[in-house]
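First residue of the sequence shown: 1, per full-length UniProt numbering; consecutive thereafter.
A quick write-up on the structure given underneath.
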Amino acid sequence: MHNSCFMNAIFQAFIHTPHLYHGLGNFQHRPCSHNGFCFMCAFQDLFIEALSPSRSIVIPSKLFENLKRFRSTFVKGHHEDPHEFMQSALYHLRKYFPNFNNLINQIFGVVFVNKLQCHCGCFADDKFGTEFELSLNITVPDRIENIQMALNNYFEKVRVKRYCSFCKKYNFSDKWLLLTEPPLVAIIHLKRFGNNEWKIAKPVSFSMELDLKPYSTGSDNVSWKYDLYAMVHHKGDVIAEGHFVCYVRSDTGQWYLMDDAVVIKADEAEVLSKEAYLLFYLRKGTPRFSSLVEN
Numbered sequence: 001m002h003n004s005c006f007m008n009a010i011f012q013a014f015i016h017t018p019h020l021y022h023g024l025g026n027f028q029h030r031p032c033s034h035n036g037f038c039f040m041c042a043f044q045d046l047f048i049e050a051l052s053p054s055r056s057i058v059i060p061s062k063l064f065e066n067l068k069r070f071r072s073t074f075v076k077g078h079h080e081d082p083h084e085f086m087q088s089a090l091y092h093l094r095k096y097f098p099n100f101n102n103l104i105n106q107i108f109g110v111v112f113v114n115k116l117q118c119h120c121g122c123f124a125d126d127k128f129g130t131e132f133e134l135s136l137n138i139t140v141p142d143r144i145e146n147i148q149m150a151l152n153n154y155f156e157k158v159r160v161k162r163y164c165s166f167c168k169k170y171n172f173s174d175k176w177l178l179l180t181e182p183p184l185v186a187i188i189h190l191k192r193f194g195n196n197e198w199k200i201a202k203p204v205s206f207s208m209e210l211d212l213k214p215y216s217t218g219s220d221n222v223s224w225k226y227d228l229y230a231m232v233h234h235k236g237d238v239i240a241e242g243h244f245v246c247y248v249r250s251d252t253g254q255w256y257l258m259d260d261a262v263v264i265k266a267d268e269a270e271v272l273s274k275e276a277y278l279l280f281y282l283r284k285g286t287p288r289f290s291s292l293v294e295n
């Protein structure tokens, strides 16, 4: 399959996400009522084949052949954005589960509250939302050098001037975001590609551990700490060229470079030296299973 590395990188991260693998595997979907292509069937088949004892190379041809079903702008054979592909895949899989007990939201859902507080003190507004990832700006401001600084910038209070219906006049208000529920998997997306598709090759350091407690509503009943288990990296200068690979970590702590059909042992220093595009963090205490390459 020509130029499918953007898909393969995301599939490796998905396959090494234990709750997604077990959740899709245990979901009672067969016999399928869909005529033709079905996202759930295709992903279930992919996961079964990936963990098969045969150890043969997995070729996700069914998903690749139906690329336009993920997003109408995708073109088979073109270099696409793995972040956009990941979003589309999760969006389509989410539709197979009920709203009140949605597997995809339970695993990846970043639940936040968008707070607005008027300086007059007479008005406050909370709006809740859910995203699949935290998309962090790495160029504004210029001082951002690491993930922590990018997160601080993302959750920073912003002062805006707006008309207050209570004051009956224009007044300053503070706007900011807070996380209300910790997802099982926290995905960090670094905005490395602009509208011109040239990559922002700025070094932004990250760590093996992540603490989201400073950006939360402060609940002490659950853990807000995470461990890195997958990272998508781009080799090249523009998204339309180059190559995407994925690093994954087994439960023994061994890292592997998953480069399409090639699997190479890696170490922590190599992972941390790369320019990350997507970071996948698993909440501490979450059960894991051994990496596919160790089974």
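Glycine is no exception: its CB is placed at the ideal position from the N, C-alpha and C atoms.
* Asked: In chain order, what residues of the same chain lie with their CB nearer than 6 Å to the CB of residue 130, ignoring the 5 residues before and after it?
  -> Indexing the sequence shown from 1 puts residue 130 at position 130. Here the set comprises 109 and 111.
* Is the beta carbon of residue 227 less than 7 Å from the beta carbon of residue 279? -> On the sequence shown, residue 227 is found 227 positions in, with the first residue counted as 1. On the sequence shown, residue 279 is found 279 positions in, with the first residue counted as 1. No, they are not a contact pair.
* For residue 81, collect the residues of the same chain with a Cβ closer than 8 Å to its Cβ; drop the 5 residues on either side in sequence, then sort them by chain order. => Walking along the sequence shown from the start, residue 81 turns up at place 81. Cβ within range, chain order: 6, 193 and 239.
* Asked: Excluding five sequence neighbours on each side, which residues of the same chain lie with their C-beta closer than 7 Å to the C-beta of residue 71?
  -> Position 71 of the sequence shown, counted from the start, is the residue given in the question as residue 71. Cβ within range, chain order: 84 and 88.
* The beta strand (DSSP E) with residue 45 in it runs from where to where? -> On the sequence shown, position 45 is the one that residue 45 refers to. Per DSSP, residue 45 belongs to no beta strand (DSSP E); it is in the alpha helix (DSSP H), 39-50.
* **At least three beta-carbon pairs within less than 8 Å, the stretch 214-222 to the stretch 197-204** => no
* When burial is assigned at 16 or more other CB atoms within 10 Å of the CB, is residue 160 buried or exposed? -> As a position in the sequence shown, residue 160 is number 160, starting the count at 1. That one is exposed.
* To do: Grab me the residues of residue 4's own chain with a C-beta within less than 7 Å of its C-beta, minus the 5 sequence neighbours each way, in chain order.
  => Here residue 4 refers to the residue found at position 4 of the sequence shown. For residue 4, where only same-chain residues beyond five positions count, the Cβ hits under 7 Å are 64.
* To do: Taking residue 34 as part of the alpha helix (DSSP H), name the residues at either end of that continuous run.
  => Within the sequence shown, residue 34 is the residue found at index 34, counting from 1. No alpha helix (DSSP H) contains residue 34, which DSSP labels as neither H nor E.
* What are the start and end residues of each continuous beta strand (DSSP E) run of 3 or more residues lying completely inside the stretch 176-221, in chain order? -> 185-190 and 209-211
* Roughly how many whole angstroms lie between the Cα atoms of residue 47 and residue 59? -> Along the sequence shown, one-based indexing puts residue 47 at 47. Along the sequence shown, one-based indexing puts residue 59 at 59. Looking at the two C-alpha atoms, the distance is approximately 11 Å.
* Residue of 237, 16 and 274 minimising C-alpha distance to residue 107 -> Position 107 of the sequence shown, counting from 1, holds the residue named residue 107. Comparing Cα positions, the closest option is 16.
* Is there contact here, the stretch 37-46 with the stretch 93-106, by at least three beta-carbon pairs under 8 Å? -> yes
* To do: Would you kindly report the start and end of the unbroken alpha helix (DSSP H) that includes residue 127?
  => Against the sequence shown, residue 127 aligns to sequence position 127. Per DSSP, residue 127 belongs to no alpha helix (DSSP H); it is in the beta strand (DSSP E), 124-131.
* Sort out for me which residues DSSP pairs residue 276 with in a bridge. => Here residue 276 is taken as the residue at index 276 of the sequence shown, counted from 1. Partner(s): 233.
* Considering only C-alpha positions, which residue in the set 246, 22 and 265 is nearest to residue 12? -> Here residue 12 is taken as the residue at index 12 of the sequence shown, counted from 1. Checking every option, the nearest Cα to that of residue 12 belongs to 246.
* Applying the criterion that 16 or more other CB atoms from any shown protein chain within 10 Å of the CB defines a buried residue, is residue 183 buried or exposed? -> Taking the sequence shown and counting its residues from 1, one reaches residue 183 at position 183. Counting Cβ neighbours within 10 Å, residue 183 comes out buried, since at least 16 surround it.
* To do: Ignore the nearest five residues each way along the sequence and tell me which others in residue 287's own chain have a CB closer than 7 Å to its CB.
  => For the purposes of this step, residue 287 is taken as residue 287 along the sequence shown, with counting starting at 1. Excluding positions up to five away in sequence, the list reads 18.
* Rounded to a whole number of angstroms, what is the C-alpha to C-alpha distance between residue 28 and residue 22? -> Sequence index remark: in the sequence shown, residue 28 carries index 28 (1-based). Sequence index remark: in the sequence shown, residue 22 carries index 22 (1-based). Their Cα atoms are separated by approximately 12 Å.
* **Limits of the beta strand (DSSP E) - the one that residue 264 falls within** => Taking the sequence shown and counting its residues from 1, the one referred to as residue 264 is at position 264. Start and end: 262-266.
* residue 113 and residue 126: beta carbons closer than 7 Å? -> Counting from one through the sequence shown, the residue named residue 113 turns up at place 113. Counting from one through the sequence shown, the residue named residue 126 turns up at place 126. Yes, these two residues count as a Cβ contact at 7 Å.
* Asked: Taking all protein chains shown into account, do 16 or more other C-beta atoms lie within 10 angstroms of the C-beta of residue 162, making it buried, or fewer, making it exposed?
  -> Along the sequence shown, one-based indexing puts residue 162 at 162. With fewer than 16 Cβ atoms within 10 Å of its Cβ, residue 162 is classed as exposed.
* To do: For residue 9, count neighbouring Cβ atoms within 10 angstroms of its own Cβ and tell me buried if that reaches 16, exposed if not.
  => By 1-based counting over the sequence shown, the position of residue 9 is 9. Buried, by the Cβ-count rule.
* Asked: What does a CB cutoff of less than 7 Å around residue 78 pick up in its chain, not counting 5 residues either side in sequence?
  -> In the sequence shown, counting from the first residue as 1, residue 78 sits at position 78. Cβ neighbours of residue 78 beyond the five flanking positions: 3.
* Asked: Roughly how far, in whole angstroms, is the beta-carbon of residue 185 from the beta-carbon of residue 145, given that I think they are within contact range, below 8 Å?
  -> One-based indexing of the sequence shown puts residue 185 at position 185. One-based indexing of the sequence shown puts residue 145 at position 145. Contact flag wrong, Cβ pair sits at about 25 Å.
* Are there 16 or more other CB atoms within 10 angstroms of the CB of residue 294, so buried, or fewer, so exposed? -> Reading the sequence shown from its first residue, position 294 is the one you call residue 294. Caution is warranted here: a pLDDT of 47 is assigned to residue 294, below 50, making its placement in the model unreliable, and the coordinate value is therefore given only provisionally. Exposed: under 16 other Cβ atoms inside 10 Å.
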